[in-house]
Amino acid sequence: MQIDGQVIGVLSICSWESDAFDAEEMKLLEEAAGDLAFGIRGLRIRAAHVEASDTIRRMMSYDSLTGLPNHLQFEEWLQRSMNEAVASGHSLALQLLDLDRFQEINDALGFRQGDQLLKEVSARVRAAVGENGLVARLRGDEFAILLLEGDVGQITAITRRVLSAFESPFMLSGIALEVSAVIGIALYPQHGTEVNGLMRKMDVAMRQAKTSGERFAFYAAERDEDTARRMVLAQQLRRAIKGDELVLYYQPKIDLRTGRVCGMEALVRWVHPEQGLIPPDEFISLAEHTGLIKPLTDWVLKSALRQSSVWRKAGLSLPVAVNLSARNLRERDLPDKLSQLLRDCGAGPSSLELEITESAIMDDPDSALKVLTRLHEFGIALFIDDFGTGYSSLSYLQRMPVDAIKIDKSFVRDMTMNANSAAIVRSTITLAHDLGLKVVAEGVESREAYDFLMALGCGVAQGYQIGRPMPVREFETWLSQSPWSSSRGRGRG
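Sequential numbering of the sequence shown, starting at 286, is according to our numbering.
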């Protein structure tokens, strides 16, 4: 018997007599063998289809890496459990577990080790939950847990047990890796009676836990209102970027050797038509999380360079500094865009300084290095902002084509009262000079701090002792009246 030209078996019919079957009977038996092969082929195809369907069903319902149910299966569980809970009158708890610094681990050790970590995490979480609930992997480094019964006390106890599973380090490539996690919790029916609503609220609860610094948090409706407000604010920010609601303030920088203004930093402000001045920390972080940071930075760059061009024509040639985010550093066309923008404003590369935080660089060091190298070759001065609060790695400082570092204001403000802060500032200045870098100290708010920095050999100072951020007209008045911009030497402040 053959299927698609391959012999799959032999049909054997025996008789006591020789030549027991004539030609027609042999033909009939051959046809029977063919029909039997056809039937077997059909059974095999059907079995293959069933196996394929089962595989597809597993792929649709289970995570291939960890073997845990995926988000579709979890939502089915939740809906079924909610239906059963209505009849029995018991409650449910949904938990979203999110790993801390998982992207950093992936970047440092590679995706293969990251996958191994996720497998071990899934095993520990399943063991910690045990018979009390169901565990699924939703996406990336997020795991969901459905606890089928229990009051708040029991739910809290299980949550702590799950988190305690992270107290022992994970062994990856011979490295003992400390990994932590946070958990957000939403309750049925207290926090909602629909699958999508509850899934959203456990996600909100997880973010509330991260914001508060707690290891876990139950969904808090009063804090969720702020999330809704931020969504509305994001829509309004998009409008503000296109409209006339944004303004630039300028804060002067002083060369400590001469006591003269040597530059300024452009800082964006949002004058909301109804809420007034929105704090920069609020809307800039909002722009980061909503993807609006790119058009926002574009607006700042264009506005700052245009104003710089106006001042230059009036005889004031000072470089203007603009902050870049991690998202900006992922723009491969950023150097070309800045080059064109400088040409449009009739300005040279020395007219612009770019400030980048350590964390923004380390978000994607290789990509950042390529972009920063091109900007450096073009002649734009590059500053590491908030130095000392992030990675402060000598290895990346040696690799990155930066011109200066800015010591974070938290150290500068405390250095005259705190020996540790003073030691950090002193060491940072020495380190920068050894690497051939300039130093800017921000947050200079007293004459004592100013003099202390001069004694340490710091190059540039910025802060309220010199001048606060000011709108254009006020900044121009300050320039005309301040001793910091006169030719009489060091300002008296």
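Every residue gets a Cβ at the ideal spot worked out from N, C-alpha and C, and that includes glycine.
DSSP beta-bridge partners of residue i
i, result
"residue 538", "548"
"residue 755", "535"
"residue 557", "561"
"residue 670", "642"
"residue 501", "468"
"residue 354", "347"
Helix, strand or coil at residue i [DSSP, three-state]
i, result
"residue 496", "helix"
"residue 777", "Because the pLDDT of residue 777 is 40, which lies under 50, any placement of that residue in the model is unreliable, and the number read from its coordinates should be weighed accordingly. In the structure shown, residue 777 sits in coil (DSSP, three-state: anything other than H, G, I, E or B)."
"residue 325", "helix"
"residue 340", "In this prediction, residue 340 has a pLDDT of 48, which is less than 50 and means its spatial position is unreliable; what the coordinates show is noted afterwards. Residue state, collapsed to three classes: helix."
"residue 719", "helix"
"residue 457", "strand"
"residue 676", "Summary for residue 676: the model assigns pLDDT 45, below 50, so the residue's position carries little reliability, and this model does not support an answer."
"residue 451", "coil"
"residue 746", "strand"
"residue 836", "Residue numbering for the chain in the displayed model covers 286 to 778; residue 836 lies beyond these limits and cannot be assessed."
"residue 727", "strand"
"residue 709", "helix"
"residue 305", "coil"
"residue 566", "helix"
"residue 583", "helix"
"residue 762", "helix"
"residue 530", "coil"
"residue 300", "coil"
C-alpha gap between residue i and residue j, whole angstroms
i, j, result
"residue 637", "residue 494", "40 angstroms"
"residue 536", "residue 549", "5 angstroms"
"residue 557", "residue 592", "22 angstroms"
"residue 516", "residue 492", "15 angstroms"
"residue 308", "residue 301", "18 angstroms"
"residue 690", "residue 622", "24 angstroms"
"residue 488", "residue 553", "31 angstroms"
"residue 755", "residue 524", "24 angstroms"
"residue 410", "residue 701", "48 angstroms"
"residue 660", "residue 620", "6 angstroms"
"residue 461", "residue 385", "16 angstroms"
"residue 640", "residue 718", "19 angstroms"
"residue 728", "residue 748", "5 angstroms"
"residue 402", "residue 762", "59 angstroms"
"residue 293", "residue 310", "22 angstroms"
"residue 291", "residue 347", "36 angstroms"
"residue 381", "residue 658", "41 angstroms"
"residue 414", "residue 482", "24 angstroms"
"residue 630", "residue 596", "12 angstroms"
"residue 446", "residue 412", "10 angstroms"
"residue 577", "residue 624", "22 angstroms"
"residue 441", "residue 484", "19 angstroms"
"residue 642", "residue 650", "12 angstroms"
"residue 438", "residue 423", "26 angstroms"
"residue 745", "residue 737", "12 angstroms"
"residue 418", "residue 323", "48 angstroms"
Top-ranked residue by Cα proximity to residue i, from the options
i, options, result
"residue 767", "326, 718 and 538", "538"
"residue 645", "605, 458 and 573", "573"
"residue 266", "507, 515, 378 and 418", "Outside the shown range of the chain (286 to 778) lies residue 266, about which nothing can therefore be said."
"residue 686", "693, 721, 714 and 703", "721"
"residue 534", "764, 297 and 760", "760"
"residue 697", "395, 502 and 714", "714"
"residue 559", "656, 571, 521 and 439", "521"
"residue 528", "600, 662 and 588", "588"
"residue 399", "455, 367, 507 and 547", "455"
"residue 318", "578, 297 and 303", "297"
"residue 579", "568, 595 and 609", "609"
"residue 683", "654, 694, 438 and 304", "654"
"residue 405", "353, 475 and 625", "353"
"residue 475", "466, 486 and 664", "486"
"residue 391", "737, 464 and 663", "464"
"residue 490", "497, 502, 387 and 498", "502"
"residue 408", "450, 519, 417 and 424", "450"
"residue 545", "496, 505, 518 and 602", "602"
"residue 427", "444, 467, 417 and 457", "467"
"residue 664", "688, 651 and 480", "688"
"residue 420", "396, 363 and 394", "363"
"residue 531", "540, 365 and 584", "584"
"residue 670", "695, 656, 662 and 652", "695"
"residue 370", "351, 434, 325 and 418", "434"
is_contact[residue i, chain D] using C-beta, thresh 9 angstroms
i, result
"residue 482", "Of the protein chains in this structure there is only one, and it is not chain D."
Within the segment 599-653, ranges of the alpha helix (DSSP H) (whole runs, at least 4 residues): Those alpha helix (DSSP H) runs which fall completely within the segment 599-653 and span 4+ residues are 611-614, 619-629 and 643-647.
Residue ranges of each alpha helix (DSSP H) within the segment 359-443, 4 or longer: Qualifying alpha helix (DSSP H) stretches, in chain order: 387-394 and 396-414.
Beta strand (DSSP E) segments (min. 3 residues) lying fully within the segment 460-488: If we require 3 residues or more, the beta strand (DSSP E) runs fully inside the segment 460-488 come out as 460-462 and 466-473.
Whole alpha helix (DSSP H) elements within the segment 682-707, 4-residue minimum: With a minimum length of 4 residues, the continuous alpha helix (DSSP H) runs that stay inside the segment 682-707 are 694-699.
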